[in-house]
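Take the position in the sequence shown, starting the count at 1, then add 1; the result is the number in my numbering. Inspection log for the structure reproduced underneath, given as structure tokens.
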Amino acid sequence: MGEQFQQRKSQFNIGLIARIMGILIVINGIFMFMCLPFSFYFGGEDWFALMQSGVISILAGGLSVLYGEHRGYKREIKKKDGYIVVSLGWALMAFFGSLPYLFSHEIPSLTDAYFETISGFSTTGASILTDIEGVGKGILFWRSLTQWIGGMGIIVLAVAVLPFLGIGGMQLFVAEAPGISPDKLQPRIKETAKRLWWVYASLTVIETILLMTGGMSFYDALNHALTTMATGGFSTYNDSAASMSPYIQYILIFFMLLAGTNFTLNYFLFKRMFKAIWTNEEYRYYIGIIFLSTVSIGSVVAFTTDLGIEKSFRDAIFQVVSIMTTTGYVSADYTAWAPFATMIIFVLMFCGGMAGSTAGGVKIVRHIILFKNTFLELKRQLHPTAIIPVRFNSKAVKGGITFNVLAFIMAYFLIFGLGILVLSALGVDLMTSLGAVATSLGNIGPGVGSVGPVDNFAHLPDAVKWVLSFLMLLGRLELFTVMIIFTPYFWSRF
Numbered sequence: 002m003g004e005q006f007q008q009r010k011s012q013f014n015i016g017l018i019a020r021i022m023g024i025l026i027v028i029n030g031i032f033m034f035m036c037l038p039f040s041f042y043f044g045g046e047d048w049f050a051l052m053q054s055g056v057i058s059i060l061a062g063g064l065s066v067l068y069g070e071h072r073g074y075k076r077e078i079k080k081k082d083g084y085i086v087v088s089l090g091w092a093l094m095a096f097f098g099s100l101p102y103l104f105s106h107e108i109p110s111l112t113d114a115y116f117e118t119i120s121g122f123s124t125t126g127a128s129i130l131t132d133i134e135g136v137g138k139g140i141l142f143w144r145s146l147t148q149w150i151g152g153m154g155i156i157v158l159a160v161a162v163l164p165f166l167g168i169g170g171m172q173l174f175v176a177e178a179p180g181i182s183p184d185k186l187q188p189r190i191k192e193t194a195k196r197l198w199w200v201y202a203s204l205t206v207i208e209t210i211l212l213m214t215g216g217m218s219f220y221d222a223l224n225h226a227l228t229t230m231a232t233g234g235f236s237t238y239n240d241s242a243a244s245m246s247p248y249i250q251y252i253l254i255f256f257m258l259l260a261g262t263n264f265t266l267n268y269f270l271f272k273r274m275f276k277a278i279w280t281n282e283e284y285r286y287y288i289g290i291i292f293l294s295t296v297s298i299g300s301v302v303a304f305t306t307d308l309g310i311e312k313s314f315r316d317a318i319f320q321v322v323s324i325m326t327t328t329g330y331v332s333a334d335y336t337a338w339a340p341f342a343t344m345i346i347f348v349l350m351f352c353g354g355m356a357g358s359t360a361g362g363v364k365i366v367r368h369i370i371l372f373k374n375t376f377l378e379l380k381r382q383l384h385p386t387a388i389i390p391v392r393f394n395s396k397a398v399k400g401g402i403t404f405n406v407l408a409f410i411m412a413y414f415l416i417f418g419l420g421i422l423v424l425s426a427l428g429v430d431l432m433t434s435l436g437a438v439a440t441s442l443g444n445i446g447p448g449v450g451s452v453g454p455v456d457n458f459a460h461l462p463d464a465v466k467w468v469l470s471f472l473m474l475l476g477r478l479e480l481f482t483v484m485i486i487f488t489p490y491f492w493s494r495f
């Protein structure tokens, strides 16, 4: 038995996995120290909790790195190692990231602390905090920072890891990324990641400045910039964006749009390559869906309320962009709108942003391929011997990617249905189950039912919070990355 276990264990590059895990945890600890200036400046008592958490994270991560070095490892990372690193890395980051909440007693429950942290790192934005403005400034900044770290991590995944693991849709992003071609992927990863990080950080700085010109303090502006660019939606205000000025809301709308856009196109924006942006098929669908949804909802709100034209359409576009980009900021209670408008918002929860953005959800590119393949299938029925490929951006999509996309969407809605059944079995009402599963799996934040835009997740049972935490991780990591670990053939030696 011991010999069999040793053989099975040897199929993984344990030393490299331990080393990468350790580096991630150390980085986590370093980011915790970045919150200390805010604790000191505002005279908070949470500085010791952040210091303690940072030290523990750095020590634990350092020991993991040393273990990896001691064990020895090959520098080549294989597919199975990649799945372990991505899935375990996110879960461990969330565990150590929950320490500041626990040590500061801002969130004394491990379940709630982990839920809040995985919601941050997965850029979901679902929260259990009932008085956000009463939380220590250092801890609140850490809460925002978890989303920014998660958003930055997603860019790395989109460029370097998910295409390597064969996640459908992400290969298409790589084909469009600057400096990357399929035959030269590995040498260009670092260069491309640097460019996209630069765009990500630059947009964060620009948004911070623009929010400050609208009257926000530096602290609030920075927090909102961090969580906007990550499409996370954590706010420093109890009512999210509801009481913000129109100017601030329009700034948030603009940067949510950018954050939900393929970051390659944002890079093109900095380079003033406007034609390359508009000729991108996914981008045109992205803008088109937002435009049509805004017109539909805005018209309904304007005719059924006394808010006025400007306010009606501002609330409409804010919530459309917020939900579709999976940011999750709230400017109005969309569940109080006419049923038609609320239904459109619910449908948008299954759209997602563009591939290669920090947005969650299914992603627009997958919907495009799904619908194109469906219509082409009708044509194939008339011409069964004809070879009619799906085309995206005027290029034929490989059959393997099409099948992967179809499998992803089927798996997504299967998990959505199973999630509803599990929550219902745990005593959650149907409407809340629908909203909680949709928003967690899509990494959105607010849902419907008792987890709607004016509520939160604090009242849910602990078992439900763990289920939703898993769904957040599952959705953020493109389903298959996590699902495959639970299959017997993943652990098989052959």
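All residues carry an ideal CB built from backbone N, CA and C; glycine is no exception.
request  = Check Phe393 in the structure and name its three-state DSSP category.
outcome  = strand
ask   = Would Gly62 be called buried (16 or more neighbouring beta carbons within 10 Å of its own) or exposed?
value = buried
ask   = What separation, rounded to the nearest whole angstrom, lies between the Cα atoms of Ile389 and Ala127?
value = 43 Å
query = How about the region 36-45 and the region 80-87: do they share at least three Cβ pairs that are nearer than 8 Å?
reply = no
key: contact_flag[the region 289-304, the region 372-392] where n(CB pairs < 8 Å) is 3 or more   = no
ask   = What do you get for Asp132, buried or exposed, if any count of 16 or more other CB atoms within 10 angstroms of its CB means buried?
value = exposed
key: Reference Trp91, options Arg273, Ile369, Leu475, closest by Cα   = Leu475
task = Buried or exposed for Thr440, please, with buried defined as at least 16 other CB atoms from any protein chain shown within 10 angstroms of its CB.
result = buried
task = Run the CB neighbour count on Glu177, radius 10 Å, all protein chains shown included, and call it buried at 16 or more, exposed below.
result = Its pLDDT being 42, under 50, Glu177 is placed unreliably by the model, and nothing is read from it.
request  = Please list the segments of the beta strand (DSSP E) lying wholly inside the region 27-56, counting only runs of 3 or more residues, in order along the chain.
outcome  = none
request  = For the alpha helix (DSSP H) containing Tyr284, list its first residue and its last residue.
outcome  = 282-305
message = Give me the residue from Leu270, Trp338, Met153 with the minimum Cα distance to Trp198.
response = Met153
message = Considering Cα atoms alone, identify which of Arg477, Leu442, Glu134, Ala437 is closest to His460.
response = Ala437
ask   = By Cβ distance below 8 Å, which residues in the same chain neighbour Ser54 in space, the five residues on each side in sequence not counted?
value = Gly30, Met33, Phe97, Leu100, Pro101, Phe104
inquiry  = Using the three-state DSSP reduction, which class does Asn14 fall into: helix, strand or coil?
reply    = coil
message = Going by C-alpha to C-alpha distance, which of Ser244, Ile290, Tyr330 sits closest to Ala226?
response = Tyr330
message = Buried or exposed for Leu478, going by 16 or more other Cβ atoms inside 10 Å?
response = buried
message = Tell me which residues share the same chain as Thr305 and place their Cβ nearer than 7 Å to its Cβ, disregarding the 5 neighbours each side in the sequence.
response = Ala339
query = Tell me which same chain residues have a C-beta within less than 6 Å of the C-beta of Phe256, skipping the five on either side of it?
reply = Glu208, Thr229
task = Tell me whether Phe271 sits in a helix, a strand or coil according to DSSP, three-state version.
result = helix
ask   = Buried or exposed: where does Gln382 fall if 16 or more other Cβ atoms within 10 Å of its Cβ makes it buried?
value = exposed
ask   = Contact check, Ile369 vs Phe393 under 8 Å by CB: the rounded distance?
value = 7 Å
ask   = What residue does the alpha helix (DSSP H) around Pro447 start on, and which one ends it?
value = Counting along the chain, Pro447 falls outside any alpha helix (DSSP H), and DSSP gives it neither H nor E.
ask   = In terms of alpha-carbon separation, which member of Leu308, Phe351, Met344, Tyr335 lies closest to Met325?
value = Phe351
task = Would you please state the rounded distance, in angstroms, between the beta carbons of Val468 and Leu424? I believe it to be under 8 Å.
result = 7 Å
query = Taking C-alpha atoms, which residue in Leu422, Gly428, Thr125, Val452 lies nearest to Ser236?
reply = Thr125
task = Check the Cβ-Cβ distances between Phe43 and every residue of chain D, and say whether any is below 9 Å.
result = Going by chain labels, chain D is absent from the structure shown, which holds only one protein chain.
Cα-Cα separation between Arg285 and Gly261, rounded to whole angstroms = 13 Å
ask   = How many Å lie between Pro188 and Val348 at the Cα?
value = At Pro188, the pLDDT of 46 sits below 50, so the modelled position is not reliable and the matter cannot be decided from this model.
request  = Helix, strand or coil for Trp338, going by three-state DSSP, please let me know.
outcome  = coil
query = Less than 9 Å separating the beta-carbons of Leu212 and Cys36?
reply = no
query = Does the beta-carbon of Lys466 have 16 or more other beta-carbons within 10 angstroms, so that it is buried, or is it exposed?
reply = buried
key: Within the region 352-428, ranges of the alpha helix (DSSP H) (whole runs, at least 4 residues)   = 365-383, 400-426
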